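Reviewing the structure listed below.
In my numbering, the protein residues as written are 1058 to 1292.
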């Protein structure tokens, strides 16, 4: 017996193919959505982690900024303390500077030069005096610039010829005015150490300890000895 299929088998095959296609398309779309969701979740997690790291870094930067401010404040306090300490050390060292000044003037004044006035402003000392000749003034300038560790940079402001009555006769003299810089104790010690590295001993003015009674007595005696001829000349 011959069986004849009268059903639309071709239409049924097309229907099955469409169903398979739609199923594959739906599966692909679902797979794509799953993958897209997974990627979105991964990127979201990465962004969240990065934001957390950024927050941690921002907090750390703020903490370090505060520490830097504290360090800057501490540095300012340290600098202020150092400045105060340096000021105290300078005052401590400068209290003996008048003794060194008088000692050096006594040592460096050549014969025939007499001081009639002296004024100190800070580290600048103004000297006014009388010399027997211009050569004596030049010798004083050389002594102050080369032979003294406590006095430096002498500058002659003016020199004027004059006459002094010496009894019945007049003597021609040179009236001068000059300035000289007084060196601080620390700088003088460095200069003395550089000048005498072998001995290792920093010489003090007039061979006595600065501020000692012996040094003060020697300075006063020498100053009086130099002032006496000037007083006689003025008379």
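Every residue, glycine too, gets a C-beta built ideally from N, C-alpha and C.
A quick note: this is a predicted structure, and the numbers were derived from the prediction, not measured.
Tell me whether the region 1163-1172 and the region 1183-1194 touch, counting them as touching only if at least three CB pairs, one residue from each stretch, are closer than 8 Å.
yes
Leaving out five residues on either side along the sequence, give the residues of the same chain with a beta carbon under 8 Å from the beta carbon of residue 1165.
As a working mapping, residue 1165 is identified with position 108 in the chain shown. 1197, 1200, 1201, 1204, 1205 and 1208.
According to DSSP, is residue 1216 helix, strand or coil?
As a first step, residue 1216 must be located in the chain shown, where it is residue number 159. Residue state, collapsed to three classes: strand.
Tell me the start and end of each unbroken beta strand (DSSP E) in the region 1131-1219 that is at least 3 residues and wholly inside, in chain order.
1170-1178 and 1181-1188
Could you tell me the alpha carbon to alpha carbon distance between residue 1182 and residue 1242, rounded to whole angstroms?
For this step, residue 1182 is matched to residue 125 along the chain shown. For this step, residue 1242 is matched to residue 185 along the chain shown. If I take the Cα positions, the gap works out to 16 Å.
Bridge partners of residue 1227, per DSSP?
Translated into positions along the chain shown, residue 1227 becomes position 170. Partner(s): 1222.
Rounding to the nearest angstrom, what Cα-Cα distance links residue 1139 and residue 1131 in this structure?
Position 82 of the chain shown, counted from the start, is the residue given in the question as residue 1139. Position 74 of the chain shown, counted from the start, is the residue given in the question as residue 1131. About 12 Å.
Assuming residue 1237 contacts residue 1230 under a Cβ cut-off of 8 Å, what Cβ separation, rounded to an integer in Å, is found between them?
Here residue 1237 refers to the residue found at position 180 when the chain shown is read from its first residue. Here residue 1230 refers to the residue found at position 173 when the chain shown is read from its first residue. The pair is not a contact, with the Cβ atoms about 21 Å apart (cut-off 8 Å).
Is it buried or exposed, residue 1262, if we count other Cβ atoms within 10 angstroms and call 16 or more buried?
As a first step, residue 1262 must be located in the chain shown, where it is residue number 205. Its pLDDT being 40, under 50, residue 1262 is placed unreliably in this model, and the coordinates cannot settle the point.
Who are residue 1238's beta bridge partners in DSSP?
Against the chain shown, residue 1238 aligns to sequence position 181. Its beta-bridge partners are 1181 and 1209.
Just to confirm before moving on: does the CB-CB distance between residue 1149 and residue 1239 stay below 8 Å?
For the purposes of this step, residue 1149 is identified with residue 92 of the chain shown, where counting begins at 1. For the purposes of this step, residue 1239 is identified with residue 182 of the chain shown, where counting begins at 1. No, Cβ-Cβ distance for residue 1149 and residue 1239 is not below 8 Å.
Would you report the Cα separation of residue 1134 and residue 1125, rounded to the nearest angstrom?
For this step, residue 1134 is matched to residue 77 along the chain shown. For this step, residue 1125 is matched to residue 68 along the chain shown. Taking the straight line joining both Cα atoms gives about 14 Å.
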